[in-house]
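Chains V and H, in that order, give the protein sequences.
Residues in the first sequence are numbered consecutively from 1, following this note's numbering.
Residues in the second sequence are numbered consecutively from 1, following this note's numbering.
We put the beta carbon where it would ideally sit given N, CA and C, even for glycine.
For reference, the structure is listed below as C-alpha cells.
2 protein chains.
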Amino acid sequence: MDSQQQTRTVVHKLAKQYERIADDLRAKIRAGEHLPGDRIPTEDALKTHYKVSAPTIRHAVGVLEAEGLVQRQHGRGTFVRKPRAKVQRTAERYQWEKDRVKLSDEERRTTGATERDTGRDMSALEFYAAYDSVFANADLAAVFDVSEGTKLLHRVYRTRLKTEDAPLSLIDSYIVHDVAARNPDLLLADNEPWPGGTQHQLYTIGIELDHIREELTARPPTVDEAQQLELSAGTAVIALRKISVATTGDVVEVSDVVLPGDRTVAVYTTQLTRWDD
Amino acid sequence: MDSQQQTRTVVHKLAKQYERIADDLRAKIRAGEHLPGDRIPTEDALKTHYKVSAPTIRHAVGVLEAEGLVQRQHGRGTFVRKPRAKVQRTAERYQWEKDRVKLSDEERRTTGATERDTGRDMSALEFYAAYDSVFANADLAAVFDVSEGTKLLHRVYRTRLKTEDAPLSLIDSYIVHDVAARNPDLLLADNEPWPGGTQHQLYTIGIELDHIREELTARPPTVDEAQQLELSAGTAVIALRKISVATTGDVVEVSDVVLPGDRTVAVYTTQLTRWDD
DNA sequence: GAGTGGTCTAGACCACTGT
DNA sequence: CAGTGGTCTAGACCACTCC
C-alpha cells in the first residue's frame, strides 16, 4: 500500500562513478555521518577512497553542491550546509501598512513593513533607494494597461540588516510617471525611506488601494542576483510580482521582488467565510 | 541617473576562460543571436572557436545550464530554453472548494480545485493517490500541536495532465489518524478522487475550516523531485506547506506541496478594508 | 554510421585560507 | 608554507539521436 512511490531510490548498478559517489556521500550526510557545518573529507581523501581521478570527485561533489546539500569553500574545504535562518514575509503587512496611513507622521516614522516582518527595528536595518525613469516594455504596459513606451517611475530598493552584507531582497518598483508626478516629492529618492511606505505615498496623490495581487515563481538566480544576494551554488530565488490595484480598479504600482529562497518564507493566509448553518 | 545598478555586467579581464566563454554565450543569447528553441553551436565548434579544450567548453555550457538558460540534450545538441507555459495555482481555490462542500454529490463530482486552476476538465487529468500511516516527527508534531510519534494518516497525491508524463505537483498530506478514522471511508485511497476534495472529507467528520495558511520557499529540487517532475538542471521548485485550521482553532490538515518552479505561478490576493472616510 | 553530448583519466599549475 | 579547492589540457571511449 506504499510501494510505488518509494522505490525510486533504486541502486543503479554500473551507474556512473560520479553518481555512485554522490549517492554514497549524500547517504552519509543524510545518515548523520557528517553533520551540518561539518567539513566532509577533502577531495584528495575522497579520490583515494573511491579510487577515481580528481575531476570525477569534483563532479560528484558538484552534484551535491547543486542540490544545496554542501557548500565548497576555496582553500577551506567542503561543508555540509546548515539551513539558514528564515525571514518571514507575510501578506498581512499590506493591511497593516494601510491601517497606518492615516496615523500621524510621527507614528508612521517609527516602523515600516520590513521591520515588522523581520522583527528588527529600524536601527538594525539599512535602506537604499534609487529612482529613475524607464519606458514601459510590453510586459509592464500590459499589467498597467497603458500603451507600450509610457514613461514609468522606476524605483530600486535594497534593504539590508546592518549586521550582514547581503540585502534581504531586491525590489524594482514601477509607477506610471505622470501619476506619481502629482506629488513632486514622490519623484525624489532623497525622501526615502518614506514614513508609511508606498501606500502612504499613494495616499498623498489621492489613491487608496483595494487589493494587492502577488504572483510567485521559483527559479535559479541570475548571475547578478547571485552576486547581490550573495547566494552560493545550489540555491534558488522566489521571484514575486506584486500588483497594487486602487479602489478605482486601476493598477497603480507594480513591484518585481527577488527573495533568496534559502532564507525567505512567504506566508499567505486565506480566510474562509463561515457556512451559515 | 541610472548607473549604479546596471554596471554589474563588468567584463572581468583575465577572467577564467569558462567564465569568459559563458559570458560571451550568454550575451549572444540575450542579444537574440540564438533564439529560444534554437540549437547553439556544438561543443566541438565552440572548442575550435574559443581555442580551448573540451572540458572547458563543457564547464562553460554547464554554467548556462545551471542558470536555466540552456538545456543540453544528449545526442541532439544544446538548446536555448523556452519559457514553459505556466500553470496558475490560486488561493481562491480554497473558498471555492468550501462553497462547494454543501452542494450535492453529483455537483461536486463534476470538478475539483485542480481542474479549476488548470482550466482543464477532469477528463484531461489523471489522479493518483496512495494512503498509509506514519508517526509524527518533531516538525509535524509541532504544527499539529500533538506529541511526537502520534499516528498520522499520510496521503500521497500526484496529478498529471494525460497529455504529459510528469505530474503537476507532488503532494504529501497529513491528518491525525484518529481524527480521520471518525469516517472509515477517509482511510481508503480507493475513494479518491473524493468529490469535493479535502474540505468535503473533513466535513464528513464534522470539521469546518476557518482559514488556510500557506508558507512558501524556493529551493533546488532533490534528486527524487527532479525525476518525478522531470525537471532538468537549472530549475527550482516551490516548496509550499499548507496548513488548514478548523473553526475550533485546531490544525486539522497539513500538506507539503512541491511545484515545479518553471511552470507554476502561485497567486495570492490580499483584499484590503476600506478607509471609512 | 555520422553527429553530438557524457564520462573519465593523469597530471600540471593556480588561488585562497589559515598557521 | 601546508592544505585544500579551482582551472585547464589532451585525449580515450561511451551513449544517445537521427538519418
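Original post:
Is residue 220 of chain H close to chain V, meaning its C-beta is less than 9 Å from at least one C-beta of that chain?
Top reply: Stepping through the second sequence from its first residue, residue 220 of chain H is reached at position 220. Closer than 9 Å: yes.
Original post:
In terms of residue numbering, what span does the alpha helix (DSSP H) encompassing residue 140 of chain V cover?
Top reply: Mapped onto the first sequence, residue 140 of chain V falls at position 140. Residues 138-144.
Original post:
Can you tell me whether DSSP reads residue 239 of chain V as helix, strand or coil?
Top reply: The residue you call residue 239 of chain V lines up with position 239 of the first sequence. Three-state DSSP puts residue 239 of chain V in a strand.
Subject >> Contact set for residue 84 of chain V: own chain, Cβ-Cβ below 7 Å, skip 5 residues either direction >> reply: As a first step, residue 84 of chain V must be located in the first sequence, where it is residue number 84. So the list reads 262, 263, once near-sequence residues are dropped.
Original post:
Which partner residues of residue 251 of chain H appear in the DSSP bridge assignment?
Top reply: If you number the second sequence from 1, residue 251 of chain H lands on position 251. For residue 251 of chain H, which the question treats as bridged, DSSP gives the partners H/245.
Original post:
Would you call the CB atoms of residue 43 of chain V and residue 61 of chain V closer than 9 Å?
Top reply: Here residue 43 of chain V corresponds to residue number 43 of the first sequence, with the count starting at 1. Here residue 61 of chain V corresponds to residue number 61 of the first sequence, with the count starting at 1. Yes, the pair counts as a contact, with Cβ atoms nearer than the cut-off.
Original post:
If you draw a straight line from the C-alpha of residue 182 of chain V to the C-alpha of residue 172 of chain V, how long is it?
Top reply: Your numbering for residue 182 of chain V matches position 182 in the first sequence. Your numbering for residue 172 of chain V matches position 172 in the first sequence. Answer to the nearest angstrom: the Cα atoms are 21 Å apart.
**OP:** Taking only the alpha-carbon atoms, compute the straight-line gap between residue 28 of chain H and residue 227 of chain V and give it to the nearest angstrom.
**Re:** Locating residue 28 of chain H in the second sequence gives position 28, where the first residue counts as 1. Locating residue 227 of chain V in the first sequence gives position 227, where the first residue counts as 1. Across the structure, residue 28 of chain H and residue 227 of chain V are spaced so that their CA atoms are roughly 21 Å apart.
**OP:** Taking 8 Å as the threshold, find out whether the region 17-25 of chain H comes into contact with the region 228-244 of chain H through three or more Cβ pairs.
**Re:** Because the criterion of three Cβ pairs below 8 Å is not met, the region 17-25 of chain H and the region 228-244 of chain H do not touch.
Original post:
Mind listing which residues of the region 41-66 of chain H have their C-beta closer than 7 Å to chain V's C-betas, in chain order?
Top reply: From the region 41-66 of chain H, only 66 have a Cβ closer than 7 Å to chain V.
Original post:
Would a check of beta-carbon distances place residue 140 of chain V closer than 9 Å to chain H?
Top reply: Position 140 of the first sequence, counted from the first residue, corresponds to residue 140 of chain V. False, the Cβ-Cβ gap to chain H never drops below 9 Å.
**OP:** Could you tell me whether any Cβ in chain H is nearer than 9 Å to the Cβ of residue 216 of chain V?
**Re:** Locating residue 216 of chain V in the first sequence gives position 216, counting from the first residue. Closer than 9 Å: yes.
Subject >> Whether residue 168 of chain H touches residue 260 of chain H by CB criterion (9 Å) >> reply: The residue labelled residue 168 of chain H in the question sits at position 168 within the second sequence. The residue labelled residue 260 of chain H in the question sits at position 260 within the second sequence. Yes. Within cutoff.
Subject >> Cutoff 8 Å; reference residue 37 of chain H; Cβ partners in own chain excluding five residues on either side >> reply: For the purposes of this step, residue 37 of chain H is taken as residue 37 along the second sequence, with counting starting at 1. Only 79, 80, 82 meet the Cβ criterion.
Original post:
Do the CB positions of residue 161 of chain V and residue 106 of chain V come within less than 9 Å of each other?
Top reply: Counting from one through the first sequence, the residue named residue 161 of chain V turns up at place 161. Counting from one through the first sequence, the residue named residue 106 of chain V turns up at place 106. No, these two residues do not count as a Cβ contact at 9 Å.
Original post:
Which one of H/104, H/72, H/30 has the shortest CA to CA distance from residue 233 of chain H?
Top reply: Counted from its first residue, the second sequence places residue 233 of chain H at position 233. Nearest of H/104, H/72, H/30 to residue 233 of chain H, Cα basis: H/72.
**OP:** Establish whether the CB of residue 8 of chain V and some CB of chain H are separated by less than 9 Å.
**Re:** Position 8 of the first sequence, counted from the first residue, corresponds to residue 8 of chain V. For residue 8 of chain V, the predicted model reports a pLDDT of 32, less than 50, meaning its position is unreliable; a value from the coordinates is still stated below. It does; some Cβ of chain H falls within 9 Å.
Subject >> Proximity winner among V/163, V/190, V/130, relative to residue 124 of chain V (alpha-carbon distances) >> reply: Here residue 124 of chain V is taken as the residue at index 124 of the first sequence, counted from 1. When each option's Cα is compared against that of residue 124 of chain V, the closest is V/163.
**OP:** Taking 8 Å as the threshold, find out whether the region 128-146 of chain V comes into contact with the region 184-197 of chain V through three or more Cβ pairs.
**Re:** Three or more beta-carbon pairs drawn from the region 128-146 of chain V and the region 184-197 of chain V are found closer than 8 Å, and the two stretches are therefore classed as touching.
**OP:** Using the Cα positions of residue 300 of chain H and residue 114 of chain V, report the straight-line distance between them to the nearest angstrom.
**Re:** In the structure as shown, chain H starts at 1 and stops at 277, and residue 300 of chain H therefore has no counterpart that could be examined.
Original post:
What residue range is occupied by the uninterrupted alpha helix (DSSP H) comprising residue 98 of chain H?
Top reply: Here residue 98 of chain H refers to the residue found at position 98 when the second sequence is read from its first residue. Segment 92-100, the alpha helix (DSSP H) holding residue 98 of chain H.
Original post:
What residues from chain H crowd round residue 275 of chain V, counting only those whose CB sits closer than 7 Å?
Top reply: Within the first sequence, the letter at position 275 stands for residue 275 of chain V. Listed along the chain, the chain H residues whose CB falls inside 7 Å of the CB of residue 275 of chain V are 102, 208.
**OP:** Please determine, among V/197, V/68, V/223, the residue with the shortest C-alpha to C-alpha distance to residue 95 of chain V.
**Re:** The sequence position of residue 95 of chain V within the first sequence is 95, counting from 1. Checking every option, the nearest Cα to that of residue 95 of chain V belongs to V/197.
Subject >> Same chain, Cβ closer than 7 Å to residue 2 of chain V, neighbours up to 5 away in sequence not counted >> reply: Sequence index remark: in the first sequence, residue 2 of chain V carries index 2 (1-based). Residue confidence is low: residue 2 of chain V scores 30 on pLDDT, short of 50, so the model does not pin down where it sits. No coordinate-derived value is stated.
Original post:
Does the pairing of the region 244-258 of chain H with the region 200-215 of chain V give three or more beta-carbon distances under 8 Å?
Top reply: no
Subject >> residue 148 of chain V, DSSP secondary structure in three states >> reply: Along the first sequence, one-based indexing puts residue 148 of chain V at 148. The answer is coil: DSSP assigns residue 148 of chain V none of H, G, I, E or B.
**OP:** Would you please verify whether the beta carbon of residue 201 of chain V is less than 9 Å from any beta carbon of chain H?
**Re:** If you number the first sequence from 1, residue 201 of chain V lands on position 201. Output row for residue 201 of chain V: interface = no.
**OP:** Report the rounded CA-to-CA distance for residue 250 of chain H versus residue 66 of chain H, giving the unit in angstroms.
**Re:** To locate residue 250 of chain H, count along the second sequence from 1; it is residue 250. To locate residue 66 of chain H, count along the second sequence from 1; it is residue 66. Rounded to the nearest angstrom, the two C-alpha atoms are 42 Å apart.
**OP:** Please report the residue range of the alpha helix (DSSP H) in which residue 272 of chain H lies.
**Re:** As a first step, residue 272 of chain H is located in the second sequence; it is residue number 272 there, counting from the start. Residue 272 of chain H -> no alpha helix (DSSP H), and no H or E assigned at all.
Original post:
So with Cβ pairs under 9 Å, would you call residue 148 of chain H a contact of chain V?
Top reply: If you number the second sequence from 1, residue 148 of chain H lands on position 148. Chain V contact via Cβ: absent.
**OP:** With distances taken Cα to Cα, identify the nearest neighbour of residue 88 of chain V among V/218, V/119, V/41.
**Re:** Taking the first sequence and counting its residues from 1, one reaches residue 88 of chain V at position 88. With distances taken between Cα atoms, residue 88 of chain V lies closest to V/119.
**OP:** Would you grab the beta carbon distance between residue 272 of chain V and residue 216 of chain H for me? Rounded to a whole angstrom, and I think it's under 8 Å.
**Re:** Counting from 1 along the first sequence, the entry for residue 272 of chain V is found at position 272. Counting from 1 along the second sequence, the entry for residue 216 of chain H is found at position 216. Not a contact, Cβ separation roughly 19 Å.
Original post:
Based on the DSSP secondary-structure assignment, which residues constitute the bridge partners of residue 158 of chain V?
Top reply: As a working note, residue 158 of chain V is residue 158 in the first sequence. Under DSSP, residue 158 of chain V shares a beta bridge with V/128, V/170.
Original post:
Can you find a CB in chain H that lies within less than 9 Å of the CB of residue 92 of chain V?
Top reply: On the first sequence, residue 92 of chain V is found 92 positions in, with the first residue counted as 1. Yes, residue 92 of chain V lies at the interface with chain H (some Cβ there is under 9 Å from its Cβ).
**OP:** Would you mind telling me which residues of chain H sit closer than 8 Å to residue 267 of chain V, beta carbon to beta carbon, in chain order?
**Re:** Position 267 of the first sequence holds residue 267 of chain V. Residues of chain H passing the Cβ test: 213, 214, 215, 216.
Original post:
Quick one: which chain V residues come within Cβ less than 8 Å of residue 237 of chain H?
Top reply: Along the second sequence, one-based indexing puts residue 237 of chain H at 237. 218, 236, listed in chain order.
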